[in-house]
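There are 2 protein chains.
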Amino acid sequence: MAYLIRRSLQLHGCESHLATARYLSPVNRLSPASSRPFRLLSPKTRHYSSTRSADVQNGDFSALKVQQGRLMDTLHQTCAFGTGKRWGTEPTETGMSRLALSDSDKQARDWFVETTKALGCKVTVDAMGNTFAVRPGRREGPATFAGSHLDTQPSGGRYDGILGIQAGIEMLNVLKDHQVETEFPVGVVNWTNEEGARFPMSMSASGVWAEDIPLEQAHNLQEVGGGSATMKSELERIGYLGSVPASYQSMPMAAHFELHIEQGPILETEQQKVGVVKGVQAYKWFTIDIHGRDAHTGTTPLKSRADAMLLAARLITHSHRLATIHGALASTGILTLSPGSTNTIPGHVSFTLDIRAPADATVEATEADLKRDFAALAAGDDVDGLLAHSTPGKPLSVDFRTDFVSPATIFHPDCIAAVRASAEAVTGSASLVRDMTSGAGHDSVYASRRCPTSMIFVPSKNGVSHNPEEYTGPEDCAIGAEVLLQSVLRYDRLRAAQ
Amino acid sequence: MAYLIRRSLQLHGCESHLATARYLSPVNRLSPASSRPFRLLSPKTRHYSSTRSADVQNGDFSALKVQQGRLMDTLHQTCAFGTGKRWGTEPTETGMSRLALSDSDKQARDWFVETTKALGCKVTVDAMGNTFAVRPGRREGPATFAGSHLDTQPSGGRYDGILGIQAGIEMLNVLKDHQVETEFPVGVVNWTNEEGARFPMSMSASGVWAEDIPLEQAHNLQEVGGGSATMKSELERIGYLGSVPASYQSMPMAAHFELHIEQGPILETEQQKVGVVKGVQAYKWFTIDIHGRDAHTGTTPLKSRADAMLLAARLITHSHRLATIHGALASTGILTLSPGSTNTIPGHVSFTLDIRAPADATVEATEADLKRDFAALAAGDDVDGLLAHSTPGKPLSVDFRTDFVSPATIFHPDCIAAVRASAEAVTGSASLVRDMTSGAGHDSVYASRRCPTSMIFVPSKNGVSHNPEEYTGPEDCAIGAEVLLQSVLRYDRLRAAQ
Numbered sequence: 238m239a240y241l242i243r244r245s246l247q248l249h250g251c252e253s254h255l256a257t258a259r260y261l262s263p264v265n266r267l268s269p270a271s272s273r274p275f276r277l278l279s280p281k282t283r284h285y286s287s288t289r290s291a292d293v294q295n296g297d298f299s300a301l302k303v304q305q306g307r308l309m310d311t312l313h314q315t316c317a318f319g320t321g322k323r324w325g326t327e328p329t330e331t332g333m334s335r336l337a338l339s340d341s342d343k344q345a346r347d348w349f350v351e352t353t354k355a356l357g358c359k360v361t362v363d364a365m366g367n368t369f370a371v372r373p374g375r376r377e378g379p380a381t382f383a384g385s386h387l388d389t390q391p392s393g394g395r396y397d398g399i400l401g402i403q404a405g406i407e408m409l410n411v412l413k414d415h416q417v418e419t420e421f422p423v424g425v426v427n428w429t430n431e432e433g434a435r436f437p438m439s440m441s442a443s444g445v446w447a448e449d450i451p452l453e454q455a456h457n458l459q460e461v462g463g464g465s466a467t468m469k470s471e472l473e474r475i476g477y478l479g480s481v482p483a484s485y486q487s488m489p490m491a492a493h494f495e496l497h498i499e500q501g502p503i504l505e506t507e508q509q510k511v512g513v514v515k516g517v518q519a520y521k522w523f524t525i526d527i528h529g530r531d532a533h534t535g536t537t538p539l540k541s542r543a544d545a546m547l548l549a550a551r552l553i554t555h556s557h558r559l560a561t562i563h564g565a566l567a568s569t570g571i572l573t574l575s576p577g578s579t580n581t582i583p584g585h586v587s588f589t590l591d592i593r594a595p596a597d598a599t600v601e602a603t604e605a606d607l608k609r610d611f612a613a614l615a616a617g618d619d620v621d622g623l624l625a626h627s628t629p630g631k632p633l634s635v636d637f638r639t640d641f642v643s644p645a646t647i648f649h650p651d652c653i654a655a656v657r658a659s660a661e662a663v664t665g666s667a668s669l670v671r672d673m674t675s676g677a678g679h680d681s682v683y684a685s686r687r688c689p690t691s692m693i694f695v696p697s698k699n700g701v702s703h704n705p706e707e708y709t710g711p712e713d714c715a716i717g718a719e720v721l722l723q724s725v726l727r728y729d730r731l732r733a734a735q
Numbered sequence: 238m239a240y241l242i243r244r245s246l247q248l249h250g251c252e253s254h255l256a257t258a259r260y261l262s263p264v265n266r267l268s269p270a271s272s273r274p275f276r277l278l279s280p281k282t283r284h285y286s287s288t289r290s291a292d293v294q295n296g297d298f299s300a301l302k303v304q305q306g307r308l309m310d311t312l313h314q315t316c317a318f319g320t321g322k323r324w325g326t327e328p329t330e331t332g333m334s335r336l337a338l339s340d341s342d343k344q345a346r347d348w349f350v351e352t353t354k355a356l357g358c359k360v361t362v363d364a365m366g367n368t369f370a371v372r373p374g375r376r377e378g379p380a381t382f383a384g385s386h387l388d389t390q391p392s393g394g395r396y397d398g399i400l401g402i403q404a405g406i407e408m409l410n411v412l413k414d415h416q417v418e419t420e421f422p423v424g425v426v427n428w429t430n431e432e433g434a435r436f437p438m439s440m441s442a443s444g445v446w447a448e449d450i451p452l453e454q455a456h457n458l459q460e461v462g463g464g465s466a467t468m469k470s471e472l473e474r475i476g477y478l479g480s481v482p483a484s485y486q487s488m489p490m491a492a493h494f495e496l497h498i499e500q501g502p503i504l505e506t507e508q509q510k511v512g513v514v515k516g517v518q519a520y521k522w523f524t525i526d527i528h529g530r531d532a533h534t535g536t537t538p539l540k541s542r543a544d545a546m547l548l549a550a551r552l553i554t555h556s557h558r559l560a561t562i563h564g565a566l567a568s569t570g571i572l573t574l575s576p577g578s579t580n581t582i583p584g585h586v587s588f589t590l591d592i593r594a595p596a597d598a599t600v601e602a603t604e605a606d607l608k609r610d611f612a613a614l615a616a617g618d619d620v621d622g623l624l625a626h627s628t629p630g631k632p633l634s635v636d637f638r639t640d641f642v643s644p645a646t647i648f649h650p651d652c653i654a655a656v657r658a659s660a661e662a663v664t665g666s667a668s669l670v671r672d673m674t675s676g677a678g679h680d681s682v683y684a685s686r687r688c689p690t691s692m693i694f695v696p697s698k699n700g701v702s703h704n705p706e707e708y709t710g711p712e713d714c715a716i717g718a719e720v721l722l723q724s725v726l727r728y729d730r731l732r733a734a735q
């Protein structure tokens, strides 16, 4: 890409102890077979040589090139674990269906552990299956992490979560390529069940790590779809119920950076390359239960009905209206009804409602209006002409249950600054970089409660995500990975300078 | 009940060969153990004695009393086969869940065969599992049938279908109690899969009998819910794949009378006791498939969405409006969506639509408007203010598939007359009887295509049906059973007179 200023790596004999990122000379190159390369380097044997030392001090990490081919090949190869729906003819044109703690998730996890160990990391698995791969630095201390997740939606794509982990692996590869020694440890973390698709609480394992979700509650989450498996039973089954407590106190992080696809259309529409994510919008998840009365479709006059499906249809229609009015988002992703027969009016319908907005107050105001209007519509009162041309029926009951609350999140200025500097350096242009608020929840939300955090967004084709056709071009993936690498190194340098 | 003029049975020595229904004197009483009582009576040994002969000629069958206690006890005892959801504390206060050709349906069928054989019937099972129990008459010829079904909805009650069969059994009991010999055979038929709840085509087996549904199509119907069983495989499994062709040509019926609960509120509201059913309203079943695009709920602006669930909600809301405008009924009993995750906008929704009206033309006009307006709403065009206060999104596609068509049915005047005369005789008051059009489909629809047919309705408490709490009081059940008995005998008498 034109805006990527790629320079060949030139190593010269010039040492700087102030530089956190250090390029090791070929004479100190480690055997690829060694699993603990940096531990083998005593201070006496260290030999730093690079003409880049001054550049590094100024934040120029441009010699540390992400290998786009390696990144993408590895990403697609590991998508063999849980391949989903085919949408095109090319080998990589399938989606993903890698539900948390499934057999395919286990395969991906095993690959992650093996690969990071081979790249010199020590791997720790905690009681939620969160897997921390740490590459030693010059000094002891908590690692600066790149993190994301390897689980996917049941009908997901190849980039959501996966790209962030693969970019972390590529970071380890580049550090190894160039024999970089960081000041403090750096690492990659794979968080469990970020999607919340199989066990219905998204980011449940980073939430436990942050001590915002009790371990027992997360362990007891039952899989959706009627199965009896829980998170704990599945962690045990696939061998990822670690002995280390799932807590920021047992596994502290110095910082957390997450590369992620935007999952929305803004970067593509604005023809920009990198989003500097300053925070995450607020959202709440609700379950709405409607109780009416089962009745025969042919013999029950419209006026005698308590039709739960008709009321659900009106409420969903209305939730979109209220979202529009408030500048929020409203979505129903799950709806079940009973008894479920063509000629029986459903007496019970249950559906989910996901309400989001940049500010907590907007979500609260939307929720208040939803509760008021849902009750009115259930009682048979019209709201905004929704009951026009309709036959009044019998009243129904509506229960409104809050399943999950994620307040608006503000990321850390140091991390945001590291991402912005890296994004401008990698793209070579501030105009290709924009500040953004994430529309989706991410493990970075929980990470940010216990350590400085920020995120990096790269464009999603057509803004599509949670869909097999989710796509981010290989050059955009490589840009994102390089911004991630630089952000971690800039933060490491910042720590060293303090 | 006050309006039921119950007279004690008095038998006197008076013979009438014109009377089709004959009361056998005690001296000819048959052993209860005999399975073929009437065949044992040669003309020489017949001795008719009844003071009722003149009454019988005039249509007064009031001596033939239904035993309410026996009828209800038997009904509730057989509800042990497939007991459903409990709704009250009394032993009989549960619903039914006896899906067609399930293990519990087999139990009910076995009971039916055993019982009717013990009451002197010859039992024939056809290739659809339809089970015909025929009690011989004085003459050879097709039987006049009482018929209905023993299968239920998954969350059904104790009366829909079941009452009609139990009243048929009670008819056989009363005929035996009074040693009545009919002119022609009479019988009881249990039709298979009337509900269409397990195998998604209602009245599929009477439809095959009428040669309106091909045998192979019905045999290949696959059970709903993802199982692999077909009607044929289940008929084989439970031993009800009969060797007699399922056809009115192999098993002709002289007439078909069906006692059924109203399943609606009209009789109760009007404080009437019996509905004389002159026909069945028209209906069509459709499946609507919506294809939009899966997308992330948090990152996809409203304007960028192709939200299949939102469109489904609007279409269901609108179907009710159009039904109101046309004086029709519209109902959605099944809705499925994919992928089914709280934070993924569904890209696909499929739902059923059941449209009914007394006249075929009304159903057709409603269907035409639905197709026009569904296409407009899918394209993003407003219809009747439904899109007010909404954010325009991306267009979606809508497929509109017709699954089933049941044109309006007109029953036979002779059968209607027999039911009306019987209803007035049993209730003692024309004001307690009303003409009705059935809102629901019944096996009588197909029966009526191949033989004279009518139906008898009795009140449904609160108009509730297809619900565990479906209820018809024991006295109303007994009135219905007595009207059924008299209707069959009146029709037999009519045949004899021709």
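Residue numbers (this note's numbering), protein chains in the order written: chain A, 238 to 735; chain B, 238 to 735. Note that CB positions come from ideal geometry on N, CA and C, so glycine has one too.
Exercise. Is N580 (chain A) close to chain B, meaning its C-beta is less than 8 Å from at least one C-beta of that chain?
Worked result: Counting from one through the first sequence, the residue named residue 580 (chain A) turns up at place 343. Yes, contact with chain B.
For this session: Answer yes or no: does any C-beta atom of chain A fall closer than 8 Å to that of E499 (chain B)?
Result: Mapped onto the second sequence, residue 499 (chain B) falls at position 262. Closer than 8 Å: yes.
Exercise. Can you find a C-beta in chain B that's less than 8 Å from the C-beta of V701 (chain A)?
Worked result: Taking the first sequence and counting its residues from 1, one reaches residue 701 (chain A) at position 464. It does; some Cβ of chain B falls within 8 Å.
For this session: Report the three-state DSSP secondary structure of V426 (chain B) (helix, strand or coil).
Result: Along the second sequence, one-based indexing puts residue 426 (chain B) at 189. Residue state, collapsed to three classes: strand.
For this session: Kindly give me the distance between the Cβ atoms of V481 (chain B) and V371 (chain B), rounded to whole angstroms, as I take these residues to be in contact under 8 Å.
Result: What you label residue 481 (chain B) is simply residue 244 of the second sequence in a count that begins at 1. What you label residue 371 (chain B) is simply residue 134 of the second sequence in a count that begins at 1. At roughly 12 Å, the Cβ-Cβ gap does not stay under 8 Å, so V481 (chain B) and V371 (chain B) are not in contact.
Problem set entry | Rounded separation between V511 (chain A) and S541 (chain A) - CA only | Position 274 of the first sequence, counted from the first residue, corresponds to residue 511 (chain A). Position 304 of the first sequence, counted from the first residue, corresponds to residue 541 (chain A). If I take the Cα positions, the gap works out to 57 Å.
Problem set entry | S724 (chain B) at chain A interface by Cβ criterion, 8 Å | Reading the second sequence from its first residue, position 487 is the one you call residue 724 (chain B). False, the Cβ-Cβ gap to chain A never drops below 8 Å.
For this session: Could you pull out every residue in the same chain whose Cβ sits closer than 8 Å to the Cβ of P644 (chain A), ignoring the five residues on either side in sequence?
Result: On the first sequence, residue 644 (chain A) is found 407 positions in, with the first residue counted as 1. Contacts found: A519 and D597.
For this session: Take T736 (chain A) as the anchor and find which of A:T326, A:E407, A:P629 and A:P711 has the nearest alpha-carbon.
Result: Residue 736 (chain A) lies beyond the residue range present for chain A, which begins at 238 and ends at 735; the question has no answer from this structure.
Exercise. Between T429 (chain B) and chain A, is there a C-beta pair that is closer than 8 Å?
Worked result: Taking the first residue of the second sequence as 1, we reach residue 429 (chain B) at position 192. Judged by the 8 Å Cβ criterion, T429 (chain B) is not in contact with chain A.
Exercise. From W428 (chain B) to H679 (chain B), what distance separates their C-alpha atoms?
Worked result: Taking the second sequence and counting its residues from 1, the one referred to as residue 428 (chain B) is at position 191. Taking the second sequence and counting its residues from 1, the one referred to as residue 679 (chain B) is at position 442. Distance between the alpha carbons of W428 (chain B) and H679 (chain B) is about 10 Å.
Problem set entry | Beta-carbon spacing of L496 (chain A), H555 (chain A) below 8 Å | Along the first sequence, read from residue 1 onward, the residue named residue 496 (chain A) stands at position 259. Along the first sequence, read from residue 1 onward, the residue named residue 555 (chain A) stands at position 318. With respect to H555 (chain A), L496 (chain A) sits apart: the two C-beta atoms are not nearer than 8 Å.
For this session: Note down, in chain order, each residue of its chain lying with its Cβ closer than 7 Å to the Cβ of F637 (chain B), except the 5 sequence neighbours on either side.
Result: Reading the second sequence from its first residue, position 400 is the one you call residue 637 (chain B). Apart from the 5 residues on each side of it in sequence, F637 (chain B) sits with its Cβ closer than 7 Å to the Cβ of F523, I525, K608 and F611 in its chain, given in chain order.
Exercise. Buried or exposed: which applies to T326 (chain A), given that a residue is buried once 16 or more other Cβ atoms fall within 10 Å of its Cβ?
Worked result: Along the first sequence, read from residue 1 onward, the residue named residue 326 (chain A) stands at position 89. Exposed is the call here.
For this session: Name, going along the chain, the residues of the stretch 377-403 of chain B whose beta-carbon falls closer than 9 Å to a beta-carbon of chain A.
Result: Q390, P391, S392, G393 and D397
Exercise. Who are the neighbours of G676 (chain A) on chain B, taking C-beta pairs under 9 Å?
Worked result: To locate residue 676 (chain A), count along the first sequence from 1; it is residue 439. Result: H533, T534, G535, T536, T537 and P538.
For this session: Please determine, among B:K515, B:L338 and B:G405, the residue with the shortest C-alpha to C-alpha distance to Q723 (chain B).
Result: Here residue 723 (chain B) is taken as the residue at index 486 of the second sequence, counted from 1. Nearest option by C-alpha distance: B:G405.
For this session: Express the C-alpha separation of Q509 (chain B) and P696 (chain B) in angstroms, rounding to a whole number.
Result: Working through the second sequence from its first residue, we reach residue 696 (chain B) at position 459. Working through the second sequence from its first residue, we reach residue 509 (chain B) at position 272. Distance between the alpha carbons of P696 (chain B) and Q509 (chain B): 8 Å.
Exercise. How is Q403 (chain B) classed by DSSP in three states: helix, strand or coil?
Worked result: Along the second sequence, read from residue 1 onward, the residue named residue 403 (chain B) stands at position 166. Helix, per DSSP.
Exercise. If you measure from the beta carbon of Q508 (chain B) to each beta carbon in chain A, is any gap under 8 Å?
Worked result: Position 271 of the second sequence, counting from 1, holds the residue named residue 508 (chain B). Q508 (chain B) does not count as touching chain A.
Exercise. Could you give the residue range of the alpha helix (DSSP H) that holds M309 (chain B)?
Worked result: Taking the second sequence and counting its residues from 1, one reaches residue 309 (chain B) at position 72. Element bounds for M309 (chain B): Q305 to T315.
Problem set entry | Beta carbon proximity, M737 (chain B) to chain A, threshold 8 Å | This structure does not reach residue 737 (chain B), given that chain B is present from 238 up to 735, and the question cannot be answered.
Exercise. From R395 (chain A) to A455 (chain A), what does the alpha carbon distance come to, in whole angstroms?
Worked result: As a working mapping, residue 395 (chain A) is identified with position 158 in the first sequence. As a working mapping, residue 455 (chain A) is identified with position 218 in the first sequence. R395 (chain A) and A455 (chain A): Cα-Cα distance of roughly 26 Å.
Exercise. So, helix, strand or coil for K322 (chain B), using DSSP?
Worked result: Taking the first residue of the second sequence as position 1, residue 322 (chain B) is located at position 85. Of the three classes helix, strand and coil, the one that applies to K322 (chain B) here is strand, per DSSP.
For this session: Verify the CB distance criterion: does R259 (chain A) have a CB-CB separation below 8 Å to chain B?
Result: In the first sequence, counting from the first residue as 1, residue 259 (chain A) sits at position 22. Note that R259 (chain A) scores 36 on pLDDT, short of 50, meaning its location in the model is unreliable; the coordinates nonetheless yield the value given after this. Closer than 8 Å: no.
Exercise. P437 (chain B) CB to nearest chain A CB: under 8 Å?
Worked result: Position 200 of the second sequence, counted from the first residue, corresponds to residue 437 (chain B). Closer than 8 Å to some Cβ of chain A, the Cβ of P437 (chain B) qualifies, so yes.
For this session: Reducing DSSP to helix, strand and coil, say where A491 (chain B) ends up.
Result: Against the second sequence, residue 491 (chain B) aligns to sequence position 254. Strand.
Exercise. When we look at the beta-carbon of E418 (chain B) and count the other beta-carbons within 10 Å, is it buried (16 or more) or exposed?
Worked result: Position 181 of the second sequence, counted from the start, is the residue given in the question as residue 418 (chain B). If you draw a 10 Å sphere on the C-beta of E418 (chain B), you find 16 or more other C-beta atoms in it, and that means buried.
For this session: Say whether chain A places a C-beta atom closer than 8 Å to the C-beta of W446 (chain B).
Result: In the second sequence, the residue the question calls residue 446 (chain B) occupies position 209. Chain A contact via Cβ: absent.
For this session: With DSSP collapsed to three states, give me the class of L267 (chain A).
Result: Reading the first sequence from its first residue, position 30 is the one you call residue 267 (chain A). Legend: pLDDT at L267 (chain A) = 31, less than 50; position of this residue unreliable, value from coordinates given subsequently. Of the three classes helix, strand and coil, the one that applies to L267 (chain A) here is coil, per DSSP.
For this session: Kindly list the residues whose CB is nearer than 6 Å to the CB of S741 (chain B), restricted to its own chain and excluding five residues on each side of it in sequence; keep chain order.
Result: Because chain B in this structure spans residues 238 to 735, residue 741 (chain B) falls outside the shown range and cannot be described.
Exercise. Apart from the five residues on each side of it in sequence, which residues of its chain come closer than 8 Å, Cβ to Cβ, to P569 (chain B)?
Worked result: Taking the first residue of the second sequence as 1, we reach residue 569 (chain B) at position 332. Strictly speaking, residue 569 (chain B) in this sequence is Thr, with Pro absent from that position. Closer than 8 Å at Cβ, skipping near neighbours: I553, S556, F588, T589, L590 and D591.
Problem set entry | Close beta carbons around V663 (chain A), own chain, < 6 Å, minus the five adjacent residues each side | As a first step, residue 663 (chain A) must be located in the first sequence, where it is residue number 426. So the list reads I716, E719 and V720, once near-sequence residues are dropped.
Exercise. When the distance is taken between beta carbons, is L452 (chain A) closer than 8 Å to L548 (chain A)?
Worked result: Locating residue 548 (chain A) in the first sequence gives position 311, where the first residue counts as 1. Locating residue 452 (chain A) in the first sequence gives position 215, where the first residue counts as 1. Taking 8 Å as the Cβ cut-off, L548 (chain A) and L452 (chain A) do not qualify as a contacting pair.
Exercise. Can you give the Cα-Cα distance for M438 (chain A) and G577 (chain A), rounded to whole angstroms?
Worked result: For this step, residue 438 (chain A) is matched to residue 201 along the first sequence. For this step, residue 577 (chain A) is matched to residue 340 along the first sequence. Looking at the two C-alpha atoms, the distance is approximately 27 Å.
Exercise. Buried or exposed: where does V642 (chain A) fall if 16 or more other Cβ atoms within 10 Å of its Cβ makes it buried?
Worked result: As a first step, residue 642 (chain A) must be located in the first sequence, where it is residue number 405. The residue in question, V642 (chain A), is exposed, as its Cβ has fewer than 16 Cβ neighbours within 10 Å.
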